[in-house]
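Participant: Input: one structure, supplied below.
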Amino acid sequence: MRRIFGLWLAFVFVVIVVLPVALSAHLRLTKSSPTEGATVSTPPKQLQLWFSEEPLLPLSSVTLTGPNGSVNIDKPRASVERSVTVAIGSALPAGSYRIAWKAAGDDGHVVAGTVDFAVKESARPPM
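Numbering (this note's numbering), first residue to last: 6 to 132.
The structure is reproduced here in structure tokens:
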């Protein structure tokens with residue numbers, strides 16, 4: 006009986022303590038610039054994505070899609086504070102955009118996500 010109780014306690018410990026830690030060990034996006042859902046009045050010249058751990062650049066990719074389709078951007082490069090920065094090749098016209106990213110942390114597990122933002126139509130001076 007004691008042995009069964011001991012095994013049961015060990016199982017409960019694994020489920021309550023060890024399993025959540027192991028499941029949360031994958032890299033995740035913690036913030037972005039532009040931020041999710043933002044509407045910016047000045048088009049960004051670069052994208053920056055921050056992660057919960059240092060992303061492995063060889064396993065990282067970023068794409069940007071806008072109102073006219075795919076946008077020309079540079080490859081991700083390492084930046085400060087567990088982030089990657091991606092330069093945008095040309096000025097973005099007004100419209101809705103989606104950043105699609107893939108990255109992996111130390112465990113090599115690739116995770117993916119998206120960040121949506123919009124660029125506001127610039128105000129034109131009255132004629």
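Yeah, the Cβ is synthetic: ideal placement off N, Cα and C, and Gly gets one too.
Once the 5 residues before and after Glu126 are set aside, which same chain residues still bring their CB inside 8 Å of it?
Facilitator: In the sequence shown, residue 126 corresponds to position 121, counting from 1. Only Ala99 meet the Cβ criterion.
Participant: Please identify the residue among Ser65, Gly74 and Ser75 whose C-alpha is closest to the C-alpha of Ser88.
Facilitator: To locate residue 88, count along the sequence shown from 1; it is residue 83. When only C-alpha atoms are compared, the closest one is Ser65.
Participant: Nearest to Leu62 by alpha carbon, out of Ala109, His114 and Val116?
Facilitator: Position 57 of the sequence shown, counted from the start, is the residue given in the question as residue 62. Selected option, being the one with the closest Cα: Ala109.
Participant: Determine the burial state of Ile9: buried for a count of at least 16 other Cβ atoms within 10 Å of its Cβ, exposed for fewer.
Facilitator: Start at 1 with the first residue of the sequence shown, and residue 9 comes out as number 4. Exposed, since its Cβ has fewer than 16 Cβ neighbours within 10 Å.
Participant: Taking three-plus beta-carbon pairs below 8 Å as touching, is the region 112-126 in contact with the region 41-57?
Facilitator: As far as the Cβ criterion goes, the region 112-126 touches the region 41-57, which means the pair count is three or higher.
Participant: Please confirm whether any heavy atom of the ligand ATP lies closer than 7 Å to the CB of Ala43.
Facilitator: With respect to small molecules bound, the structure shown includes none, and the ligand ATP cannot be examined in it.
Participant: Is the beta carbon of Gly3 less than 8 Å from the beta carbon of Asn77?
Facilitator: Not covered by the structure: residue 3. The range shown for the chain is 6 to 132.
Participant: Could you give the distance in angstroms between the alpha-carbon of Glu86 and the alpha-carbon of Val116?
Facilitator: Numbered from 1 along the sequence shown, position 81 holds the residue referred to as residue 86. Numbered from 1 along the sequence shown, position 111 holds the residue referred to as residue 116. For Glu86 and Val116, the distance between alpha carbons rounds to 19 Å.
Participant: Going by C-alpha distance, which of Leu69, Ala96 and Asp79 is nearest Arg103?
Facilitator: Walking along the sequence shown from the start, residue 103 turns up at place 98. That would be Leu69, whose Cα lies nearest to the Cα of Arg103.
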